[in-house]
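Written below as structure tokens is the structure these notes are about.
Residue numbers (this note's numbering), protein chains in the order written: chain A, 1 to 112; chain B, 1001 to 1114.
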């Protein structure tokens, strides 16, 4: 069974640009969550999607957005990038949200 | 607010020595508890989980954890560590009756020296 796949693994962007990250969950998993991991703030919850609907949202500005497609694949978008957005972005999937999430390897975003 | 505290940011230990990584949470409701491990440049991998039943939980790689409701703790232990156990360890708690999104601790860096 394939795990959670995140693409790309690494990204370098310039301040002010926007970026889209992709996540393919484990087959059959309908819940996809996104987390931002930084040395200073640790692991912070961004949002969770279930059946194409955002079901939970963390405390991040509106520059951070996401969506989920009918095949449960999810994307997150960050607009007007800031230096502080440099982080490891982790995607996690679970059957329906109530089970423990399975994480992907993450996308490391560097904003210069 | 519900929170998870990992008391040690870094734990150095020699190979083959025992180790305990501490985790406490603040909650008066039922909880589900998890430990995850993160190796460099990788995502989080589930080590073990407590959902109900026996308070002593065994996980992968020889790790185990004990749920102590009275002390609201879920400490992770291994009797003999290896160099390959060097990684970041995260405790996570899901509080019943509310959002099922787990709350993560800040992580403990386990450094195993030869």
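Heads up, the beta-carbon is just placed ideally off N, CA and C, and yes, glycines get one too.
Bridge partners - residue 14 of chain A, DSSP secondary structure assignment: Within the first chain, the letter at position 14 stands for residue 14 of chain A. Beta-bridge pairing links residue 14 of chain A to no other residue.
Distance between beta carbons of residue 104 of chain A and residue 6 of chain A, contact taken as under 8 Å: Within the first chain, residue 6 of chain A is the residue found at index 6, counting from 1. Within the first chain, residue 104 of chain A is the residue found at index 104, counting from 1. So it is a contact: roughly 4 Å between Cβ atoms.
Beta-carbon contacts of residue 100 of chain A that lie in its chain and below 8 Å, excluding the five residues immediately before and after: Residue 100 of chain A sits at position 100 when you count from the first residue of the first chain. Cβ neighbours of residue 100 of chain A beyond the five flanking positions: 94.
Under 8 Å (Cβ pairs) to chain A, residues found in the stretch 1040 to 1059 of chain B: 1041, 1042, 1043, 1044, 1045, 1046, 1049
Minimum Cβ-Cβ distance from residue 1101 of chain B to chain A less than 8 Å: Counting from 1 along the second chain, the entry for residue 1101 of chain B is found at position 101. Closer than 8 Å to some Cβ of chain A, the Cβ of residue 1101 of chain B qualifies, so yes.
CA-to-CA distance, residue 55 of chain A to residue 1010 of chain B, given in whole angstroms: In the second chain, residue 1010 of chain B corresponds to position 10, counting from 1. In the first chain, residue 55 of chain A corresponds to position 55, counting from 1. Residue 1010 of chain B and residue 55 of chain A: Cα-Cα distance of roughly 35 Å.
Alpha-carbon spacing of residue 1079 of chain B relative to residue 26 of chain A, whole angstroms: Numbered from its first residue, the second chain carries residue 1079 of chain B at position 79. Numbered from its first residue, the first chain carries residue 26 of chain A at position 26. Cα to Cα, residue 1079 of chain B sits roughly 33 Å from residue 26 of chain A.
is_contact[residue 51 of chain A, chain B] using C-beta, thresh 8 Å: Against the first chain, residue 51 of chain A aligns to sequence position 51. By this cut-off, residue 51 of chain A is not an interface position.
Proximity winner among B:1043, B:1018, B:1033, relative to residue 35 of chain A (alpha-carbon distances): Position 35 of the first chain, counting from 1, holds the residue named residue 35 of chain A. Of the listed residues, the one whose Cα sits closest to residue 35 of chain A is B:1043.
Interface residues of chain A facing residue 1034 of chain B [CB-CB closer than 7 Å]: Walking along the second chain from the start, residue 1034 of chain B turns up at place 34. In chain order: 100.
Selection from B:1014, B:1005, B:1065 that minimises the alpha carbon distance to residue 1054 of chain B: As a first step, residue 1054 of chain B is located in the second chain; it is residue number 54 there, counting from the start. Closest by alpha carbon: B:1065.
Residue(s) in a DSSP beta bridge with residue 45 of chain A: Walking along the first chain from the start, residue 45 of chain A turns up at place 45. DSSP output for residue 45 of chain A lists A:35 as bridge partner(s).
Assigned exposure category for residue 18 of chain A - 16 Cβ within 10 Å defines buried: Here residue 18 of chain A refers to the residue found at position 18 of the first chain. When all chains shown are included, residue 18 of chain A counts as exposed.
As assigned by DSSP and simplified to three states, the class of residue 1144 of chain B: Nothing can be reported for residue 1144 of chain B, as the shown portion of chain B is limited to 1001 through 1114.
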